[in-house]
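Colleague: Okay, here's the structure, questions in a sec.
In our numbering, the protein residues as written are 5 to 465.
Okay, structure coming up:
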């Protein structure tokens with residue numbers, strides 16, 4: 005991937021020392037700071053080697069503006085959200101490139117209530133950044149105070165599970181924190197729950213032993229360690245610890261899509277309520293909600309959109325298919341620690357292995373694909389697909405989602421790359437393969453010629 009600075013409603017990302025210099029980061033923070041209400045700003049970072057340099061530059065700028073800074077040091081993204089909310093701060097900044105490789109870094113921005121900025125606020129920050137915000141020093145110098153949100157975060161997570169029952173089981177857990185920000189709280193949580201813990205990637209130094217996104221292909225070297233350590237479950241965090249992937253005692257990767265589905269199953273088994281997920285997430289969660297007579301709302305892709313809908317519907321749980329679980333009893337940020345605690349609670353409550361629990365989830369086949377596409381041709385692609393499948397139920401919530409009783413297809417442009425992303429899911433693997441193959445052909449025709457595809461005389465895939 006070329007070194008291109010990505011400034012979007014989700015934050016800022018680029019190659020450290022390349023497109024993302026400390027001055028660029030400070031300019032972005034200046035745009036954010038100009039839009040925040042009065043009050044202190046919380047700063048944290050993951051374990052990347054470039055993190056301290058950005059942190060120092062941002063603290064220097066904010067204090068020169070008269071802002072007090074609450075420095076959380078190395079802290080997970082959900083911990084930072086809790087600090088912002090519990091310390092009544094004006095906002096927060098997490099220095100992290102999330103699941104991207106070591107050469108990247110970035111910024112995630114928080115609102116006063118401890119959530120990632122809503123899309124409209126994020127857009128205002130991006131516009132101010134692009135226009136340039138005057139960086140005028142204040143006659144008053146702000147102060148820097150070191151803070152630690154670990155204890156409060158731990159307290160909140162423990163409050164949502166039956167800690168005593170879990171402690172009595174002494175569950176063996178293999179935790180790979182990926183040399184990121186989740187290792188300290190991850191160990192403290194598992195120790196507090198009486199688990200036998202085997203650790204990998206526990207030093208938060210950003211020296212990744214594998215690509216940091218916790219996908220099956222990136223964890224090939226880690227999965228065998230679960231069985232070797234005699235653990236009953238494997239947990240895998242991304243660098244800022246807002247996502248969690250799960251594997252069985254035998255080292256079978258269950259997938260990030262299963263993380264939220266397991267959380268939904270457990271939450272709705274204990275209490276009724278509404279759940280929220282996005283339109284690219286597996287339908288497993290919606291089917292589980294149906295089983296319990298609960299409502300599942302669907303938002304556009306992106307954590308901010310999920311949280312918006314959670315707040316507007318009073319949802320008891322929200323999340324995404326990337327391993328992100330949001331429990332408002334703890335915070336309004338995707339939280340790998342919530343996911344770990346909930347899975348352990350479920351294993352104990354039902355006296356089943358995580359493998360057995362995963363087998364109880366609805367069985368669906370999912371395929372994901374991305375294809376290079378000139379963004380100017382996206383509209384033609386979506387229209388061609390709509391014409392190809394005229395009998396599908398159509399949604400334009402985010403890109404184009406086509407749904408049938410037995411499967412669905414989502415096609416949307418990327419905000420960060422000149423590609424189109426496709427996801428297809430259904431109960432039958434052959435049907436899903438056929439659907440995504442047909443959709444790929446439509447995209448490629450439009451990409452190569454710009455011409456639309458004629459309506460399919462068939463009723464659908």
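Where a beta carbon is used, it is the ideal one built from N, C-alpha and C, also for glycine.
Computed from a predicted model, the values in this text were never measured in an experiment.
(1) Using the Cα positions of residue 96 and residue 112, report the straight-line distance between them to the nearest angstrom.
(2) Give me the Cβ distance between residue 1 and residue 377, rounded to the nearest whole Å; I'm assuming they're in contact under 8 Å.
(3) Inspect the beta-carbon positions of residue 82 and residue 341 and report whether they are closer than 8 Å.
(4) Would you list, in sequence order, the uninterrupted beta strand (DSSP E) runs of no fewer than 3 residues that lie entirely inside the segment 349–400?
(5) Please look up how many angstroms separate the CB atoms of residue 354 and residue 246, rounded, as I've assumed it's under 8 Å.
(6) Does the distance from the C-beta atom of residue 416 to that of residue 305 stay below 8 Å?
(7) Buried or exposed, going by whether 16 or more other CB atoms sit within 10 Å of the CB of residue 119?
(8) Among the residues of its own chain, which have a CB less than 6 Å from the CB of residue 397, if the five just before and after it don't count?
(9) So is residue 285 buried or exposed if we call it buried at 16+ other beta carbons inside 10 Å?
(10) Shortest alpha-carbon distance to residue 380 belongs to which of 410, 202, 444, 422?
(11) Assuming residue 280 contacts residue 262 (C-beta within less than 8 Å), just tell me the rounded distance between them.
(12) Would residue 55 and residue 209 be called neighbours here (beta carbons separated by less than 8 Å)?
(13) According to DSSP, is residue 169 helix, strand or coil?
(14) Go ahead and pull the three-state DSSP assignment for residue 70.
(15) Specify whether the segment 9–17 and the segment 102–116 touch according to this definition: at least 3 beta carbon pairs, one from each stretch, less than 8 Å apart.
(16) Three or more beta-carbon pairs under 8 Å between the segment 180–196 and the segment 230–242, yes or no?
(17) Of all the options 141, 74, 165, which has the alpha carbon lying nearest to the alpha carbon of residue 343?
(18) How far does the alpha helix (DSSP H) with residue 229 in it reach, from first residue to last?
(19) Specify the secondary structure class of residue 181 as computed by DSSP and reduced to three states.
(20) Note down the Cα distance separating residue 195 from residue 201, rounded to an integer number of angstroms.
(21) Are there 16 or more other CB atoms within 10 angstroms of the CB of residue 362, so buried, or fewer, so exposed?
(22) Output the boundary residues of the alpha helix (DSSP H) element that contains residue 189.
(23) Which complete alpha helix (DSSP H) runs does the segment 205–266 hold, if anything under 4 residues is left out?
(24) Here's the rule: buried if 16 or more other CB atoms are within 10 angstroms of the residue's CB, otherwise exposed. What is residue 59?
(25) Helix, strand or coil: how does DSSP classify residue 289 here?
(26) Determine the DSSP secondary structure at residue 7, reduced to helix, strand or coil.
(27) Rounded to the nearest angstrom, what separates residue 32 and residue 434 at their Cα positions?
(28) Under the rule that 16 or more other beta-carbon atoms within 10 Å means buried, what is residue 321, buried or exposed?
(29) Do the CB positions of residue 218 and residue 168 come within less than 8 Å of each other?
(30) So the candidates are 64, 121, 159; which of them puts its Cα closest to the Cα of residue 36?
(31) For residue 348 versus residue 230, is the C-beta spacing smaller than 8 Å?
(32) Do residue 45 and residue 28 have their C-beta atoms closer together than 8 Å?
(33) Below 8 Å on the Cβ atoms is my contact criterion, and I expect residue 76 with residue 153 to pass it. Report the Cβ-Cβ distance as a whole number of Å.
(34) Per DSSP, residue 113 forms a beta bridge with which residues?
(35) With respect to the beta strand (DSSP E) encompassing residue 428, which residues constitute its N-terminal and C-terminal limits?
(36) With a 10 Å radius around its C-beta and 16 neighbouring C-beta atoms as the bar for buried, classify residue 462 as buried or exposed.
Modeller: The relevant details are as follows:
(1) Residue 96 and residue 112: Cα-Cα distance of roughly 8 Å.
(2) This structure cannot settle anything about residue 1, because the visible part of the chain is limited to 5 through 465.
(3) Yes.
(4) 369–376, 397–399
(5) About 26 Å separates the two Cβ atoms, so there is no contact after all.
(6) yes
(7) buried
(8) 407
(9) buried
(10) Residue 380 has its Cα closest to that of 422, out of 410, 202, 444, 422.
(11) With 8 Å as the limit, residue 280 and residue 262 do not qualify as a contact, their Cβ atoms being about 18 Å apart.
(12) no
(13) Looking at residue 169 - three-state DSSP - the assignment turns out to be helix.
(14) coil
(15) yes
(16) yes
(17) 165
(18) 228–232
(19) Looking at residue 181 - three-state DSSP - the assignment turns out to be coil, as it is neither helix nor strand.
(20) 7 Å
(21) buried
(22) 187–196
(23) With a minimum length of 4 residues, the continuous alpha helix (DSSP H) runs that stay inside the segment 205–266 are 228–232.
(24) buried
(25) helix
(26) coil
(27) 47 Å
(28) buried
(29) Taking 8 Å as the Cβ cut-off, residue 218 and residue 168 do not qualify as a contacting pair.
(30) The shortest Cα separation from residue 36 among 64, 121, 159 belongs to 121.
(31) no
(32) no
(33) 6 Å
(34) 97
(35) 423–430
(36) Residue confidence for residue 462 is low, a pLDDT of 40 falling below 50, so the modelled location carries little weight; the figure read from the coordinates is stated next. With fewer than 16 other Cβ atoms from the protein chains shown falling within 10 Å of its own Cβ, residue 462 counts as exposed.
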